[in-house]
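In the working numbering, the protein residues as written are 3 to 194.
All C-beta atoms, glycine included, are put in the ideal place defined by N, C-alpha and C.
Worksheet: the structure to be examined is printed underneath.
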């Protein structure tokens, strides 16, 4: 069986990549070139050109390889793996405190407790941007919506009833539901 011919675009790219990787330790250099060659193997010229475009400029690949290679030391080699402790905002107790502030912070310290929970929520990488936006926007929106509906409904409710139910109870219930959902989602992402 004969080897399929390598398109010129692949040969040129691999040669340029090899030149750009000058100065990178030999085994790292060979591994990168071999890995990319394997990825481009068997592709026709147009498919290879498309894949090469997505891989990017060989100079950037070489720069990343140089940045990822630790400088050589003359001292004895250490085989210890140093594991950084998790950030405070990635721990499970942080999830519990944040959820508690979101759910009940407005009851304990009116408004300031909920705001503290929102600030803790936005400071943590455990929740997605959409989850953070929902937790920030929905409780006040529920309060405004319920207050507006109850205030405009001609049901004979006194204004303070509309304020109580729309402005306080609605957002508190929304915060409790959102806090429970968000804490369950973040629990698995958090480190112990």
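If you draw a straight line from the Cα of residue 150 to the Cα of residue 172, it comes to about 12 angstroms. Straight across, the Cα-Cα distance linking residue 189 with residue 103 is about 16 angstroms. Using a Cβ-Cβ distance cut-off of 8 angstroms, the segment 127-136 and the segment 181-188 are in contact, since at least three pairs of beta carbons, one from each stretch, lie closer than that value.
Look at the beta carbons and you see the segment 89-100 not touching the segment 41-61: under three pairs across the two are nearer than 8 angstroms. 34 is the residue among 34, 109, 28 and 25 whose C-alpha sits nearest the C-alpha of residue 15. Rounded to the nearest angstrom, the gap between the Cα atoms of residue 142 and residue 19 is 55 angstroms. Taking each of 9, 46 and 64 in turn and checking the Cα distance to residue 28, the smallest one comes out for 64. Taking a 10 Å sphere around the C-beta of residue 145, we find 16 or more other C-beta atoms and assign the residue as buried.
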